[in-house]
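Protein sequences appear in the order of chains A and B. Taking the working numbering, the leading residue of the first sequence gets 1201, the next gets one more, and so forth. Taking the working numbering, the leading residue of the second sequence gets 1201, the next gets one more, and so forth. Glycine included, each C-beta is placed from N, C-alpha and C at the ideal position. Being a predicted model, the structure only gives us computed values, none of them experimental. Scroll down for the structure; my scribbles are underneath it.
2 protein chains.
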Amino acid sequence: MEGAAQTASGIVTAAVLVIGDEILSGRTKDKNIGYIAEYLTGIGIDLKEVRIVPDEEPEIIAAVNALRARYTYLFTTGGIGPTHDDITADCVAKAFGVPLEHHPRAVEIMRERVAATGGVMNEARMRMTRVPKGGELVLNKISAAPGFRIGNVIVMAGIPSVMQAMLDYVTPQLKTGTPMLSETIRADCREGDIGTELGEIAKLYSDVVIGSYPFHDENNVANTNVVMRSRDPARLALVKAAVAAMLARVKAELGPQKI
Amino acid sequence: MEGAAQTASGIVTAAVLVIGDEILSGRTKDKNIGYIAEYLTGIGIDLKEVRIVPDEEPEIIAAVNALRARYTYLFTTGGIGPTHDDITADCVAKAFGVPLEHHPRAVEIMRERVAATGGVMNEARMRMTRVPKGGELVLNKISAAPGFRIGNVIVMAGIPSVMQAMLDYVTPQLKTGTPMLSETIRADCREGDIGTELGEIAKLYSDVVIGSYPFHDENNVANTNVVMRSRDPARLALVKAAVAAMLARVKAELGPQKI
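Rendered as structure tokens:
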């Protein structure tokens, strides 16, 4: 365990891999990506990429290997249940080139839960206790069936409440970076009115990430949020002031306008 | 234009590439993936992969080239607005190795909209008329700013209402496959009770995709949906009967149980 250490560079990255035919068919709408994105941003981990792949072994193995090599952490969701279409543990074991073993503590936890709920400890439930050799359990109190962590890969359930419990469990073990700070200015004009000017500010302050997001406001008028992001509060304040000054200038030039 | 032709093999595949820092930071929750997934399934196109990447040129170019080479179609969302962080058109042009040009019809449409709304036709708005050489416009009545299609890549807006209008516009041009049919049986037992038996059926009928999805029912009891998918209605009916018979047998053996 690394504890909740901060890295020297201050930058910790992550990818999310969502595993499941049901998401790609549209039958189930993913609720995990947005949750994990916001959660990681909050603890100073930069989510850099997300992939959704079907329940197919070669696809899962290729994605696990591509993403774990590239980012500090890879979080997976889905495919760790008791049925034949739950092949995430098998694929992660193959990606790491290690065998899959029944984890003694996972077996114990499953036996306790099964006894408490009057079920039978069968082959399907034993399937949920399999962890790639060298992996550590990622516990959750909701379903009892654990996820696991091996190397920089954290394997979680697809059910949102269970996934969220697993994320809470594993977070104290993760390196976290300097959190990205963010400021939003509501422009009260259209994106097309400020595009060029905003681009000039973005060039001047290339260390600050500036995003522009159109929306319809409470009067159903086309409006824009300008979002600035940086790890350095002083730079962020500087850019915020520059954007505010630009907006005042552009709006004075435009005068009142139809939308 | 290919018209709404069906392919000989009956299988048409697609990937979705979501472009945007705001999705990865969690600030904006994606609403397009689930919509496109369901839409494509409905017209017989198999969505096989989704990626979300940041507003970074090398990432976008690499993803466009990886995905367009692998699937019948690639649909992108996001990054086609008037600001400096909208770099999708630039990246798609680079991925195809062609220049980016102001499309005459796009310029005309933008001029009309700008005149009608009392805005000014400035550099930022001209930015939205740029299309990689050889690309065709994907129109929409909501924002007026068009998306485009080049080769098998369809570039759409990130705003859901605009994206949906673009998807409707482009669909008649797409090859579509034999739609995947699907049947769902509510198991009225827990996933762990039927995992092994369901796996045996899946092995016997390997041409039918069988998925198992746990959920909590109206009595807050752990329950399971078994979803079967095939392009062949006869095979689907056969598997449905096999699953129904298995469920009846397993539940008779289990008897009433606590959850």
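Counting only runs of 4+ residues, the alpha helix (DSSP H) found wholly inside the stretch 1274-1310 of chain B occupies 1288-1296, in chain order. In terms of beta-carbon proximity, E1249(A) lines the interface with chain B, with at least one pair separated by less than 8 angstroms.
In summary, A1442(B) is buried, with 16 or more beta-carbon neighbours lying within 10 Å of its beta-carbon over all protein chains present. Taking 8 angstroms as the cut-off between beta carbons, the residues of the stretch 1394-1416 of chain B near chain A are I1394, G1395, T1396, L1398, G1399, A1402, K1403, V1409, I1410, G1411, S1412, Y1413, P1414, in sequence order. Secondary structure note for M1321(A): it is in no beta strand (DSSP E), with a DSSP letter that is neither H nor E. Judged by pairs of C-beta atoms under 8 angstroms, the stretch 1285-1300 of chain B touches the stretch 1319-1334 of chain B, as three or more such pairs exist.
Along the stretch 1309-1336 of chain A, going in chain order, the ones with a CB nearer than 7 angstroms to a CB of chain B are T1317, G1318, G1319, N1322, E1323, A1324, R1325, R1327.
Between the stretch 1231-1244 of chain B and the stretch 1426-1445 of chain A, the count of C-beta pairs closer than 8 angstroms stays below three; the two stretches do not touch. Using a Cβ-Cβ cut-off of 8 angstroms, P1254(A) counts as an interface residue toward chain B, since at least one Cβ of chain B sits closer than that to its own. In this structure, T1384(B) and G1244(B) do not form a Cβ contact; the two beta carbons are roughly 19 angstroms apart against a cut-off of 8 angstroms. By the Cβ rule, the stretch 1245-1258 of chain A does not count as touching the stretch 1345-1364 of chain B, because fewer than three pairs are nearer than 8 angstroms. Per DSSP, reduced to three states, the secondary structure at E1249(A) is strand. Rounded to whole angstroms, the gap between the alpha carbons of Q1373(B) and E1249(B) is 21 angstroms. Per DSSP, the beta-bridge partners of N1425(A) are R1386(A), Y1413(A). Residues of chain A whose Cβ lies closer than 7 angstroms to the Cβ of R1431(B) do not exist; the shortest such Cβ separation is about 13 angstroms. I1394(A) counts as buried, since no fewer than 16 other beta carbons sit within 10 angstroms of its beta carbon. Look at E1222(A): its C-beta is under 8 angstroms from a C-beta on chain B. For P1332(A), the beta-bridge partners assigned by DSSP are L1300(A). Annotation: G1351(A) is outside any alpha helix (DSSP H) and is labelled neither H nor E by DSSP. Taking the C-beta atoms as reference points, I1280(A) is found no nearer than 8 angstroms to G1334(A). Bounds of the beta strand (DSSP E) holding V1212(B) are 1212-1219. Residue-level contact check: I1359(B) touches chain A, since one or more beta carbons of chain A fall below 8 angstroms from its beta carbon. Residue environment for L1404(A): exposed (fewer than 16 other C-beta atoms within 10 angstroms of its C-beta). Looking at the DSSP output, T1396(A) sits in no beta bridge, so it has no partner there. For the stretch 1278-1296 of chain A, the residues whose beta carbon sits under 9 angstroms from a beta carbon of chain B are, in order, G1281, P1282, T1283, H1284, D1285, D1286. Looking from the CA of S1382(B), the closest CA among V1253(B), V1355(B), L1436(B) belongs to L1436(B). Taking the CA atoms as reference points, R1349(A) sits about 11 angstroms from Y1369(A). Annotation for D1368(B): the continuous alpha helix (DSSP H) segment containing it runs 1360-1370.
G1411(B) and E1222(A) do touch by the CB rule: their CB atoms are close to 6 angstroms apart, below 8 angstroms. By the C-beta density criterion, K1294(B) is buried, having at least 16 other C-beta atoms within 10 angstroms.
Within chain A, the C-beta atoms nearer than 7 angstroms to that of G1226(B) come from G1234, A1237, E1238, T1241, in chain order. In the three-state reduction of the DSSP assignment, L1381(B) falls in the strand class, which pools E and B. Under the Cβ criterion of 8 angstroms, G1392(B) is counted among the residues facing chain A.
Per the DSSP secondary-structure output, M1446(B) pairs with nothing in a beta bridge. With contacts defined by Cβ atoms closer than 8 angstroms, T1424(B) and A1452(B) do not form a contacting pair. By the neighbour-count criterion, in which 16 or more other beta carbons inside 10 Å mark a residue as buried, P1414(A) falls on the buried side.
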